[in-house]
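S.K.: For the sequence shown, the tail end lands on 263 under our numbering, and the numbers increase by one without skipping.
Don't be surprised by glycine CBs; every beta carbon is placed ideally from N, CA and C.
Have a look at the structure that comes next, please.
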Amino acid sequence: MTDTTTPTTRRTVLGLTGAGVLAALAGCLGSASLPGQSTGNGNSQSARTYRVTVANLTTGQPFTPPAVVAHRAGVELFAVGDPASDAIRELAENGNLGPLGELAEASDDVRGVAVGDAPLVPDELPASEMFPAAATLELETDASGAYLSFVSMLIGTNDGFAGLDTVPLPERVNESRSYFAASYDAGTEVNTEAYGDMVPPAQALYGIDSGTDGTGMSDPDLAENGVIAPHAGIVGDGDLDPAVYGWDDPVALVQVERLD
Numbered sequence: 004m005t006d007t008t009t010p011t012t013r014r015t016v017l018g019l020t021g022a023g024v025l026a027a028l029a030g031c032l033g034s035a036s037l038p039g040q041s042t043g044n045g046n047s048q049s050a051r052t053y054r055v056t057v058a059n060l061t062t063g064q065p066f067t068p069p070a071v072v073a074h075r076a077g078v079e080l081f082a083v084g085d086p087a088s089d090a091i092r093e094l095a096e097n098g099n100l101g102p103l104g105e106l107a108e109a110s111d112d113v114r115g116v117a118v119g120d121a122p123l124v125p126d127e128l129p130a131s132e133m134f135p136a137a138a139t140l141e142l143e144t145d146a147s148g149a150y151l152s153f154v155s156m157l158i159g160t161n162d163g164f165a166g167l168d169t170v171p172l173p174e175r176v177n178e179s180r181s182y183f184a185a186s187y188d189a190g191t192e193v194n195t196e197a198y199g200d201m202v203p204p205a206q207a208l209y210g211i212d213s214g215t216d217g218t219g220m221s222d223p224d225l226a227e228n229g230v231i232a233p234h235a236g237i238v239g240d241g242d243l244d245p246a247v248y249g250w251d252d253p254v255a256l257v258q259v260e261r262l263d
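Structure below.
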């Protein structure tokens, strides 16, 4: 059995800006270079630290390094039935967290951000020998940042992502809460399920060389002006066998504990 733990990492909203998740997968097996910074909430007396563990529950769908956000109640990263923001589109299509980081930095309602250092790969895939299925992060915020959201790209999809939107953080020290995250289709790109239309790390994480490079850029010819919806999963229209690479919801378990 593969060890599903990773070293704890610290990241804040400023450290997220200008770096996408594809940087974390440079050469298909690289690690993110996201310099840590002190939490910019300006209120040390109400500072809180949380341990957040994100586990990939699928058997055939790797995630990009997870991003978790502590924020006030008015923040909404995504909503079923609404068009995806440019930030969610970039994450879901290209694994790029840069636009989301820029939005977070510009918003005073975002109180802290933490990002993993490696993709989360199910034990059933060949790349699980190099990458874990879970990541543990430290998230720093203040009393006003009482809500948590989580997003991660489903790497073997055109525009799929795992997400958790605006759930309460534990109030008391040593209190913990667990949440299940579902899969979503951003509604921004046609689901061709073709390696040529997926991000390049997909093939490497699956241990496959299809002869096509894949792409980390959005293809205007595949643009779909839809809305965010529950993901239908892999249906077998392209290169992926649903029996191997498909999944059922929930796709992730998010466990949160207040440390101080």
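(1) If you compare alpha carbons, which of V154, P233, L243 and T218 is closest to A255?
(2) Kindly confirm or deny that the region 98 to 105 and the region 134 to 142 touch, where touching means at least three C-beta pairs closer than 8 Å.
(3) Hey, out of E96, A109, A87 and L94, whose CA is closest to H266's CA?
(4) Excluding five sequence neighbours on each side, which residues of the same chain lie with their C-beta closer than 8 Å to the C-beta of D168?
(5) Are there 16 or more other CB atoms within 10 angstroms of the CB of N228, so buried, or fewer, so exposed?
(6) Among residues of its own chain, excluding the 5 on either side of G63, which ones have a beta-carbon nearer than 7 Å to its beta-carbon?
(7) Just verifying my parser: in three-state terms, what is the DSSP assignment at L2?
(8) Taking the CB atoms as reference points, tell me whether A107 and A95 lie closer together than 8 Å.
(9) Buried or exposed for S179, please, with buried defined as at least 16 other CB atoms from any protein chain shown within 10 angstroms of its CB.
(10) Among residues of its own chain, excluding the 5 on either side of S221, which ones have a beta-carbon nearer than 6 Å to its beta-carbon?
(11) Please classify R92: does DSSP put it in a helix, a strand, or coil?
(12) Give me the Cα-Cα distance between V57 and A205, rounded to the nearest whole angstrom.
(13) Among the candidates V257, G241, L60 and Y187, whose CA atom is the shortest distance from the CA of V230?
(14) If you measure between the beta carbons of E196 and G163, is that distance less than 8 Å?
(15) Helix or strand or just coil, what does DSSP make of E130?
(16) From D263 to V55, what does the alpha carbon distance come to, in whole angstroms?
(17) Can you list, in chain order, the residues of its chain with a C-beta nearer than 6 Å to that of V90? Leave out the 5 residues immediately preceding and following it.
(18) Since P171 is in the beta strand (DSSP E), which residue starts that stretch and which ends it?
(19) Can you name the start and end residues of the alpha helix (DSSP H) that V259 belongs to?
(20) Keeping to the same chain, check which residues put their C-beta closer than 6 Å to that of G77; ignore five residues upstream and five downstream.
M.R.: Short version:
(1) Within the sequence shown, residue 255 is the residue found at index 252, counting from 1. When only C-alpha atoms are compared, the closest one is V154.
(2) Short answer: they don't touch.
(3) The chain is shown from 4 up to 263; residue 266 falls before or after that span and cannot be answered.
(4) The residue labelled residue 168 in the question sits at position 165 within the sequence shown. The residues are E79, L80, F81, A82 and S152.
(5) Position 225 of the sequence shown, counted from the start, is the residue given in the question as residue 228. By the beta-carbon neighbour count (other beta carbons within 10 angstroms, threshold 16), N228 is exposed.
(6) Looking up residue 63 in the sequence shown gives position 60. Beyond the five residues adjoining it in sequence on each side, G63 comes within less than 7 Å, by CB distance, of P125, E127, L128, V247, Y248, G249 and W250 in the same chain, given in chain order.
(7) Because the chain spans 4 through 263 in this model, residue 2 falls outside it and cannot be assessed.
(8) As a working mapping, residue 107 is identified with position 104 in the sequence shown. As a working mapping, residue 95 is identified with position 92 in the sequence shown. Contact flag unset, no.
(9) Locating residue 179 in the sequence shown gives position 176, counting from the first residue. Exposed, by the Cβ-count rule.
(10) Indexing the sequence shown from 1 puts residue 221 at position 218. Same-chain partners within the cutoff: E96.
(11) As a working note, residue 92 is residue 89 in the sequence shown. DSSP places R92 in the helix class (H, G or I) of the three-state scheme.
(12) Residue mapping note: residue 57 aligns to position 54 of the sequence shown, counting from 1. Residue mapping note: residue 205 aligns to position 202 of the sequence shown, counting from 1. In a straight line, the C-alpha of V57 is about 20 Å away from that of A205.
(13) Your numbering for residue 230 matches position 227 in the sequence shown. Ranking V257, G241, L60 and Y187 by Cα distance to V230 puts Y187 first.
(14) Numbered from 1 along the sequence shown, position 193 holds the residue referred to as residue 196. Numbered from 1 along the sequence shown, position 160 holds the residue referred to as residue 163. Taking 8 Å as the Cβ cut-off, E196 and G163 do not qualify as a contacting pair.
(15) Residue mapping note: residue 130 aligns to position 127 of the sequence shown, counting from 1. Residue identity check: residue 130 is Ala in the sequence provided, not Glu. DSSP places A130 in the helix class (H, G or I) of the three-state scheme.
(16) Along the sequence shown, read from residue 1 onward, the residue named residue 263 stands at position 260. Along the sequence shown, read from residue 1 onward, the residue named residue 55 stands at position 52. The alpha-carbon atoms of D263 and V55 are separated by roughly 13 Å.
(17) Walking along the sequence shown from the start, residue 90 turns up at place 87. Looking at the sequence itself, residue 90 is Ala, so the reference to Val does not match. Excluding sequence neighbours, A90 sits near P102, L103 and L106.
(18) As a position in the sequence shown, residue 171 is number 168, starting the count at 1. That run of the beta strand (DSSP E) goes G163 to P171.
(19) Mapped onto the sequence shown, residue 259 falls at position 256. Counting along the chain, V259 falls outside any alpha helix (DSSP H), though it belongs to the beta strand (DSSP E) covering A255 to R261.
(20) Taking the sequence shown and counting its residues from 1, one reaches residue 77 at position 74. Contacts found: D112.
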